[in-house]
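Note that the protein sequences, when read in sequence, are chains C and G. Positions in the first sequence are counted from 1; adding 28 to them yields the numbering used here. Positions in the second sequence are counted from 1; adding 28 to them yields the numbering used here. Note that beta-carbon positions come from the ideal geometry of N, C-alpha and C, so glycine has one too. Since this is a predicted model, take the numbers as computed values, not measurements.
Protein chains: 2
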Amino acid sequence: MTATRTARERARAELTQEIKDEARRQLAEVGAHGLSLRAVARELGMVSSALYRYFPSRDRLLTDLIVDAYNAIGEAAEQADPGKGAPRERWLAIWHATRDWARAHPHEYALIYGSPIPGYQAPQDTVAPAARVALALVKVLTHTELRAVDGAVSSELRAQAETLTKVLGIIAGPETVTRLIMAWTQLFGAINFDLFGQYVGSVDPADEFFAHSAKRMAEFVGL
Amino acid sequence: MTATRTARERARAELTQEIKDEARRQLAEVGAHGLSLRAVARELGMVSSALYRYFPSRDRLLTDLIVDAYNAIGEAAEQADPGKGAPRERWLAIWHATRDWARAHPHEYALIYGSPIPGYQAPQDTVAPAARVALALVKVLTHTELRAVDGAVSSELRAQAETLTKVLGIIAGPETVTRLIMAWTQLFGAINFDLFGQYVGSVDPADEFFAHSAKRMAEFVGL
DNA sequence: CACTGTCAAGAGCACTGCTCTCTATTTTGT
DNA sequence: ACAAAATAGAGAGCAGTGCTCTTGACAGTG
Numbered sequence: 029m030t031a032t033r034t035a036r037e038r039a040r041a042e043l044t045q046e047i048k049d050e051a052r053r054q055l056a057e058v059g060a061h062g063l064s065l066r067a068v069a070r071e072l073g074m075v076s077s078a079l080y081r082y083f084p085s086r087d088r089l090l091t092d093l094i095v096d097a098y099n100a101i102g103e104a105a106e107q108a109d110p111g112k113g114a115p116r117e118r119w120l121a122i123w124h125a126t127r128d129w130a131r132a133h134p135h136e137y138a139l140i141y142g143s144p145i146p147g148y149q150a151p152q153d154t155v156a157p158a159a160r161v162a163l164a165l166v167k168v169l170t171h172t173e174l175r176a177v178d179g180a181v182s183s184e185l186r187a188q189a190e191t192l193t194k195v196l197g198i199i200a201g202p203e204t205v206t207r208l209i210m211a212w213t214q215l216f217g218a219i220n221f222d223l224f225g226q227y228v229g230s231v232d233p234a235d236e237f238f239a240h241s242a243k244r245m246a247e248f249v250g251l
Numbered sequence: 029m030t031a032t033r034t035a036r037e038r039a040r041a042e043l044t045q046e047i048k049d050e051a052r053r054q055l056a057e058v059g060a061h062g063l064s065l066r067a068v069a070r071e072l073g074m075v076s077s078a079l080y081r082y083f084p085s086r087d088r089l090l091t092d093l094i095v096d097a098y099n100a101i102g103e104a105a106e107q108a109d110p111g112k113g114a115p116r117e118r119w120l121a122i123w124h125a126t127r128d129w130a131r132a133h134p135h136e137y138a139l140i141y142g143s144p145i146p147g148y149q150a151p152q153d154t155v156a157p158a159a160r161v162a163l164a165l166v167k168v169l170t171h172t173e174l175r176a177v178d179g180a181v182s183s184e185l186r187a188q189a190e191t192l193t194k195v196l197g198i199i200a201g202p203e204t205v206t207r208l209i210m211a212w213t214q215l216f217g218a219i220n221f222d223l224f225g226q227y228v229g230s231v232d233p234a235d236e237f238f239a240h241s242a243k244r245m246a247e248f249v250g251l
């Protein structure tokens with residue numbers, strides 16, 4: 029039954045992919061704001077209404093692109109991590125690979141780390157892919173001897189950190205976990221500022237500054 | 029001269045302001061994406077084409093709102109700084125005031141620190157207002173005894189930092205200046221992640237984490 | 001008073017997301 | 001194998017958008 033059924037379903041899956049690919053192409057050119065369903069359909073030689081057989085709305089198509097982008101940047105980060113060797117080098121590799129992906133796909137990056145699009149509904153589909161870069165950083169710290177970091181965290185933050193510790197399965201104190209989140213914030217904060225032009229007038233180009241930040245934050249978390 | 033400012037000119041200035049106010053109101057409701065010139069005109073009881081006598085395009089109106097938003101968040105930061113007293117408390121006050129403004133005006137914040145609007149090229153009008161929050165932080169460090177921070181910066185970054193030192197007129201080494209930019213990045217990185225939902229699943233609500241970050245980054249720059 | 005520049009208004013263009021109906025084709029159940 | 005059901009694309013159409021152009025009315029100045 030799967031043999032006959034897949035005839036149509038395979039065509040459907042293929043066309044769905046083609047639509048996403050073309051949409052991604054246009055996204056890279058004109059950005060999320062300029063992405064037009066009609067233009068995508070036009071380019072694919074179909075009529076716009078037919079597109080709605082595959083995506084119920086423009087937002088839905090964008091949501092799919094968002095998930096893909098999260099997975100792409102997450103995979104870039106994971107690929108950059110050799111998995112073995114000096115933790116500090118692994119950390120730096122992940123940082124730079126993440127930034128490199130963002131600079132290579134600025135509009136896709138803006139889609140996921142810029143302002144959320146219209147209705148701002150972040151479906152459950154996005155939360156797992158969205159965590160991949162962060163998890164790649166976490167992975168470097170697991171089974172790694174960390175330099176102890178000092179500082180007191182408030183009780184509520186400690187509770188949040190301890191919950192995270194369990195979920196992530198790492199052996200680290202609340203202070204380290206908190207610093208890790210700060211480092212994660214710093215990573216994407218720096219990429220945002222770089223891509224969105226906020227460093228113009230201070231550290232532009234930002235390559236050296238970013239490399240410096242990566243090292244400083246490695247030390248900051250105890251690496 | 030200014031007295032003879034014609035009634036027409038005053039009416040024009042007034043109406044220009046009313047348009048911006050109404051646009052800001054709609055921005056708060058539907059976001060930049062949903063902001064419609066026709067809807068603004070409709071609400072003001074005028075026809076859409078008349079609006080083009082005041083703003084040559086939608087992007088131009090948005091640019092004006094961007095400048096206003098930069099000034100508003102900058103002023104919030106400046107107001108929060110008592111100007112005297114313990115530098116560390118001033119630093120924390122600025123951090124929290126900045127975040128508070130962002131949370132009170134999420135769509136305006138997204139306009140300036142989210143993805144840049146397509147078709148809008150950051151004009152020179154925006155760079156000065158955009159620097160106000162950062163300058164408020166810098167001001168805390170001037171004439172303040174800083175704890176020395178260590179670390180080596182590369183030659184290019186050092187050059188950038190030294191140029192900044194001259195421009196800002198502060199007495200601090202390249203390492204401190206670099207750390208200051210990292211702190212600035214951390215501030216807006218954290219606000220971004222908080223407002224755009226990236227902290228869901230880790231440190232949500234992010235109040236405690238943000239307060240913690242503010243303190244940690246104060247120490248980080250030597251305060 | 002006449003002239004000139006500014007203004008609101010309206011019509012209209014090209015485009016958008018989306019819905020609906022119609023027809024052709026494929027898949028499925030008996 | 002054949003009828004029924006599900007699915008595909010095409011086309012028309014709706015309401016909305018940014019923006020342009022023209023028209024007629026008004027204010028400011030010589």
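- For Lys-243 (chain G), the uninterrupted alpha helix (DSSP H) segment begins and ends at 235–248.
- Rounded to the nearest whole angstrom, the CA to CA distance from Ala-234 (chain C) to Ile-209 (chain G) is 11 angstroms.
- A distance below 8 angstroms separates the beta carbons of Val-231 (chain G) and Phe-237 (chain G).
- Annotation for Ala-218 (chain C): the continuous alpha helix (DSSP H) segment containing it runs 202–223.
- Neighbourhood of Glu-103 (chain C) in chain G, by CB distance below 7 angstroms: empty, with the nearest CB roughly 18 angstroms away.
- By the CB criterion at 8 angstroms, Arg-127 (chain C) and Ile-219 (chain C) fall inside the cutoff.
- Setting aside the 5 residues that flank it on each side, Gly-197 (chain C) has no residue in the same chain whose C-beta is closer than 6 angstroms to its C-beta.
- Contact check for Ala-246 (chain C) and Leu-72 (chain C): beta-carbon distance about 46 angstroms, past the 8 angstroms limit, so the pair fails to qualify.
- Annotated three-state conformation of Tyr-141 (chain C) is helix, per DSSP.
- Within the region 157–200 of chain G, the complete alpha helix (DSSP H) segments of 4 residues or longer fall at 160–169 and 183–196, listed in chain order.
- Taking 8 angstroms as the cut-off, the Cβ atoms of Val-177 (chain C) and Thr-204 (chain C) count as close.
- DSSP, read as helix, strand or coil, puts Arg-52 (chain G) in helix.
- Not one beta carbon of chain G lies nearer than 8 angstroms to the beta carbon of Val-168 (chain C).
- Looking at C:Arg-131, C:Tyr-141, C:Glu-136 and C:Val-168, the one whose alpha-carbon comes closest to that of Gly-111 (chain C) is C:Val-168.
- Put simply, of C:Arg-36, C:Leu-251, C:Ser-182 and C:Gln-188 the residue whose alpha carbon is nearest the alpha carbon of Leu-165 (chain C) is C:Leu-251.
- When secondary structure is reduced to three states using DSSP, Arg-127 (chain C) falls in the helix class.
- Within chain C, the residues Glu-236 have their CB atoms less than 7 angstroms from the CB of Glu-184 (chain G), given in chain order.
- Going by beta carbons, Ala-189 (chain C) and Pro-202 (chain C) fall inside the 8 angstroms limit.
- For Leu-65 (chain G), the uninterrupted alpha helix (DSSP H) run begins and ends at 65–71, by DSSP.
- Taking the Cβ atoms as the reference, Arg-131 (chain G) lies roughly 7 angstroms from Leu-223 (chain G), within the contact range of under 8 angstroms.
- In this structure, G:Lys-48 is the residue among G:Met-74, G:Val-58 and G:Lys-48 with its C-alpha nearest to the C-alpha of Ile-94 (chain G).
- By the rule that beta-carbons nearer than 8 angstroms mark a contact, Ile-209 (chain G) touches chain C.
- Collapsing the DSSP output to three states places Thr-34 (chain G) in coil.
- Against Arg-244 (chain C), the close residues of chain G are Gly-179, Thr-206, Arg-207, Met-210 and Phe-248, in the order they occur along the chain (beta-carbon pairs closer than 9 angstroms).
- Here the region 129–144 of chain G makes no contact with the region 171–187 of chain G; the two share fewer than three CB pairs at distances below 8 angstroms.
- Straight-line measurement puts the Cα of Ala-56 (chain G) at about 7 angstroms from the Cα of His-133 (chain G).
- At a cut-off of 8 angstroms between beta carbons, Pro-157 (chain C) makes no contact with chain G.
- Pairing Phe-83 (chain C) with Ala-105 (chain C), the inter-Cα distance amounts to about 29 angstroms.
- Nearest Cα to Asp-109 (chain C) within the set C:Ala-69, C:Ala-162 and C:Val-249: C:Ala-162.
- A direct Cα-to-Cα measurement between Thr-191 (chain C) and Thr-206 (chain C) gives close to 12 angstroms.
- Cβ neighbours of Glu-46 (chain C) within its own chain (closer than 7 angstroms, five residues either side excluded): Leu-72.
- The alpha-carbon of Glu-37 (chain G) is positioned some 41 angstroms away from that of Ser-64 (chain C).
- When the alpha-carbon of Ile-101 (chain C) is set against those of C:Gln-226, C:Val-75, C:Arg-40 and C:Thr-154, the nearest one is in C:Thr-154.
- Cβ atoms of Arg-66 (chain G) and Ser-76 (chain G) come within 8 angstroms of each other, at about 4 angstroms.
- Between Trp-129 (chain G) and Ala-242 (chain G), the C-beta gap is not smaller than 8 angstroms, which leaves the two residues out of contact.
- Contact with chain G is absent for Leu-55 (chain C), since none of that chain's Cβ atoms lies less than 8 angstroms from the residue's Cβ.
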